[in-house]
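For reference, the structure discussed in these notes is given below.
Residue numbers (the numbering used here), protein chains in the order written: chain L, 2 to 158; chain S, 5 to 635.
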């Protein structure tokens with residue numbers, strides 16, 4: 002009887018130990034799986050970011066070039082010189098070939114804060130673009146600068 | 005398991021971050037920005053930059069700085085003051101609370117804040133690719149219970165379970181890991197887009213206690229821009245006699261230029277502000293072109309900088325402390341990038357402020373860390389070590405060839421195949437090296453062992469695979485195995501090296517300062533090895549080809565080999581390279597000749613790059629010459 006009890010105790014202890022080890026094993030399995038998943042996800046994210054990076058590597062350079070392009074446009078309008086017109090056109094073609102595209106904003110169009118920045122308002126048809134003060138640009142399909150516009154606030158002129 | 009994101013719900017801008025593999029990472033919004041303007045147009049449901057863009061058209065329907073209204077009574081002096089300054093309507097709501105009235109609809113500040121949180125939540129979900137349901141949100145240290153409750157409610161309205169509300173200065177301190185300090189006093193200087201806060205915190209046993217706060221609710225980056233614009237306007241008026249202030253278009257360009265100048269002057273000592281065709285009068289177009297030096301800029305904004313000193317003094321006084329009691333200073337907010345501000349804060353507290361984390365993001369980063377702790381992400385994260393220094397072995401000519409580069413996360417494994425450097429060499433010595441220098445003698449030797457019993461064969465033929473394995477405990481196991489016989493030798497290097505941080509830094513610095521010299525030394529050794537190899541190949545080719553090689557070609561090659569051999573020990577890198585090239589050109593003639601005479605593709609070992617013919621030559625292409633042990 003006594004022997005049996007002792008044996009039972011031992012079995013109990015072993016079972017306890019098995020339970021402990023099993024839970025430990027499970028814990029380990031989850032944590033390494035999680036680590037592997039984290040890694041896989043990181044790999045995917047890195048790949049995505051790399052693609053995005055390549056696509057928009059030019060973005061910061063373009064953003065710096067836009068004010069210069071604005072100035073050239075003003076120069077073009079001001080001088081009306083054929084040589085300057087040709088040069089500015091050439092610059093535009095180069096930038097367009099690199100994915101730069103002007104937002105198509107024209108007076109009379111509905112104001113859209115997704116692609117336009119209202120910097121001024123005046124008398125005119127409500128919520129309509131009165132004047133494009135500075136053009137906006139997309140690089141590929143991403144807006145890198147909204148068009149600065151003057152927007153009508155209702156009162157008739 | 006979903007992640008708990010950290011949100012810095014700011015007065016002018018908001019930001020968010022999340023823990024990823026134990027590191028806080030800023031989440032970009034759908035426009036690709038790291039911060040989102042805290043601007044909302046409830047009528048058209050616009051939030052962020054698009055809401056900001058329509059502010060001019062819709063001033064009464066665009067809400068900004070809603071944070072100032074959170075949990076405020078309508079009849080409080082603060083709300084009375086705001087009511088005068090703000091274009092949108094503030095009215096009395098339930099329980100005497102301040103609410104907003106936009107297009108005949110009333111919104112509580114919570115509802116408006118929730119709209120910002122909804123956008124942040126949606127952008128985070130897109131970015132992370134999973135649902136986001138839990139967040140930690142930060143509030144200013146001076147927020148009372150009502151304001152904190154309101155912030156929590158805003159989270160709930162947005163569908164977020166707010167796991168905790170924490171103080172902004174606490175979050176910033178967390179971002180710098182200051183929670184691990186014991187019994188320290190921290191000053192947090194926060195100069196953001198529109199508000200200035202200074203807080204004194206005490207940290208004890210991982211818990212932060214706010215001792216005092218002070219500040220100026222209407223001081224921020226925009227005021228600094230304004231000072232530059234005003235200066236440009238007055239200078240231009242003096243120079244050209246034209247007042248640009250009523251020209252909206254010119255003002256827009258001035259504003260852009262001022263912001264750009266402000267940013268540039270944080271790193272440059274002077275900047276050129278040029279705005280061509282800024283205006284025109286009867287005499288023609290006018291251009292604005294001005295130089296702004298950093299010192300001039302500092303004069304212009306001195307009044308603003310000085311305004312931050314009094315609150316620092318008051319905060320210290322309220323906390324009952326003196327400057328010398330402070331242990332740490334933390335900087336928050338984009339304006340703290342300005343060197344002058346850094347200097348003023350440093351001079352005031354007599355301590356170098358913590359820098360390094362983007363000051364626009366530091367609060368969100370801290371909130372994410374808190375979120376990570378609550379989610380068990382931080383506690384359970386296995387902190388993986390990196391190897392502090394490069395590990396490699398010594399190869400022919402005393403060169404150190406790296407196997408595992410420094411800063412590689414461990415556990416990690418690397419293996420490379422090496423070979424012998426002499427004919428019939430039967431053993432190789434593996435000298436394990438640690439350090440960044442190019443030559444073996446300049447690095448630390450962690451141990452060496454010999455693999456012998458390599459069957460005698462021509463040099464370059466045996467394939468000895470050397471593998472380095474650093475386990476999770478940082479213990480390095482090095483093994484060398486002869487692939488032909490499978491004979492293997494192993495060694496275990498305990499605990500890396502026992503080098504402390506300073507020693508490691510010294511070794512890295514040492515390598516940087518010797519980089520130029522070391523490169524030269526290594527260059528000579530490599531040129532020597534290549535020359536020696538080519539002599540060997542040339543002699544072997546001549547032997548193999550026998551009398552198929554015409555006498556004149558043979559004599560020419562033999563002569564060149566002799567010359568090169570004389571040079572090997574003493575020649576300069578350039579000499580060795582020239583002579584090696586000459587010999588290699590001559591060697592081509594063997595192949596050319598054999599090809600011509602056989603009339604088919606050449607089979608002889610004419611290519612000097614391939615050391616010798618071997619039946620599994622392909623797999624040996626990355627074989628590197630091993631260290632020679634002459635026995």
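For glycine and all other residues, C-beta sits at the position ideal for the given N, C-alpha and C.
Which residues of chain L have a Cβ atom closer than 8 Å to the Cβ of residue i, listed in chain order?
i                      : result
residue 25 of chain S  : 39 and 43
residue 281 of chain S : 72, 75, 76 and 79
residue 195 of chain S : In chain order: nothing, as chain L lies at least about 26 Å away.
Beta-carbon within less than 6 Å of residue i's beta-carbon, same chain only, minus the 5 sequence neighbours each way: which residues are those?
i                      : result
residue 448 of chain S : 438 and 439
residue 577 of chain S : 527, 528 and 531
residue 561 of chain S : 542 and 590
residue 197 of chain S : 16, 17, 224 and 225
residue 69 of chain L  : none
residue 614 of chain S : Reliability fails at residue 614 of chain S, whose pLDDT of 37 lies under 50, so the model's placement of it is uncertain and the value that follows must be treated cautiously. Same-chain partners within the cutoff: there are none.
residue 44 of chain S  : 51, 55, 67, 116 and 119
residue 7 of chain S   : 22
Check residue i in the structure and name its three-state DSSP category.
i                      : result
residue 284 of chain S : strand
residue 77 of chain S  : strand
residue 572 of chain S : helix
residue 385 of chain S : Reliability fails at residue 385 of chain S, whose pLDDT of 43 lies under 50, so the model's placement of it is uncertain and the value that follows must be treated cautiously. In the structure shown, residue 385 of chain S sits in coil (DSSP, three-state: anything other than H, G, I, E or B).
residue 273 of chain S : coil
residue 91 of chain L  : helix
residue 493 of chain S : strand
residue 103 of chain L : strand
residue 153 of chain L : strand
residue 189 of chain S : strand
residue 63 of chain S  : helix
residue 258 of chain S : helix
residue 553 of chain S : coil
Since residue i meets chain S, which of its residues come closer than 8 Å, beta carbon to beta carbon?
i                      : result
residue 154 of chain L : 61
residue 147 of chain L : 57
On a CA-only basis, which of the options is nearest residue i? Give me that one, please.
i                      : options                       : result
residue 4 of chain S   : S:551, S:541 and S:530        : It is not possible to answer for residue 4 of chain S, since the shown part of chain S is limited to 5 through 635.
residue 598 of chain S : S:548, S:586, S:325 and S:539 : S:548
residue 3 of chain S   : S:118, S:206 and S:132        : In the structure as shown, chain S starts at 5 and stops at 635, and residue 3 of chain S therefore has no counterpart that could be examined.
residue 323 of chain S : S:216, S:259, S:589 and S:36  : S:216
residue 186 of chain S : S:115, S:213 and S:442        : S:213
residue 144 of chain S : S:317, S:195, S:106 and S:135 : S:195
residue 173 of chain S : S:181, S:564 and S:191        : S:191
residue 205 of chain S : S:593, S:138 and S:329        : S:329
residue 537 of chain S : S:401, S:295 and S:121        : S:401
residue 414 of chain S : S:75, S:446 and S:480         : S:480
residue 544 of chain S : S:456, S:270 and S:464        : S:464
residue 311 of chain S : S:513, S:218 and S:84         : S:218
residue 32 of chain S  : S:552, S:6 and S:133          : S:133
residue 337 of chain S : S:434, S:249 and S:175        : S:175
residue 257 of chain S : L:71, L:36 and L:63           : L:71
residue 398 of chain S : S:363, S:361, S:357 and S:450 : S:450
residue 265 of chain S : S:243, S:280 and S:298        : S:298
How would you list, in chain order, the residues of chain S whose beta-carbon sits under 7 Å from the beta-carbon of residue i?
i                      : result
residue 122 of chain L : 60 and 61
residue 59 of chain L  : Residues of chain S passing the Cβ test: none, with the nearest at roughly 14 Å.
Leaving out five residues before and five after residue i in sequence, what residues of the same chain have Cβ atoms less than 8 Å from its Cβ?
i                      : result
residue 458 of chain S : 424, 429, 430, 431, 432, 466, 468, 486, 488, 489 and 491
residue 604 of chain S : Any reading at residue 604 of chain S must be qualified, since the residue scores a pLDDT of 48, below 50, and its modelled position is unreliable; no value is offered.
residue 18 of chain L  : none
residue 408 of chain S : 391, 394, 395, 396, 416, 418, 472 and 474
residue 525 of chain S : 442 and 443
residue 183 of chain S : 177, 207, 210 and 212
Can you list, in chain order, the residues of its chain whose CB lies under 7 Å from that of residue i, leaving out five sequence neighbours each side?
i                      : result
residue 104 of chain L : 116, 136, 137, 138, 139 and 148
residue 67 of chain L  : 138 and 146
residue 85 of chain L  : 76 and 77
residue 284 of chain S : 290
So with CB distances below 7 Å, who are the chain L contacts of residue i?
i                      : result
residue 252 of chain S : 120 and 121
residue 54 of chain S  : 114 and 115
Along chain S, which residues have their Cβ under 9 Å away from the Cβ of residue i?
i                      : result
residue 117 of chain L : 57 and 58
In chain L, which residues lie with their C-beta within 9 Å of the C-beta of residue i?
i                     : result
residue 50 of chain S : 114 and 115
At a cut-off of 8 Å, would you count residue i as near the ligand PLP, judging by its Cβ distance to the nearest heavy atom?
i                      : result
residue 107 of chain S : The ligand PLP is absent from the structure shown, which contains no ligands of any kind.
Worksheet item: According to a CB-to-CB cut-off of less than 7 Å, which residues of the region 284-314 of chain S neighbour chain L?
Response: 289
Worksheet item: Using a Cβ cut-off of 8 Å, which residues of the region 125-137 of chain L contact any Cβ in chain S, in chain order?
Response: 128, 134 and 135
Item to complete: For the region 233-264 of chain S, enumerate the residues whose C-beta is nearer than 7 Å to any C-beta of chain L, in chain order.
Response: 252, 253 and 256
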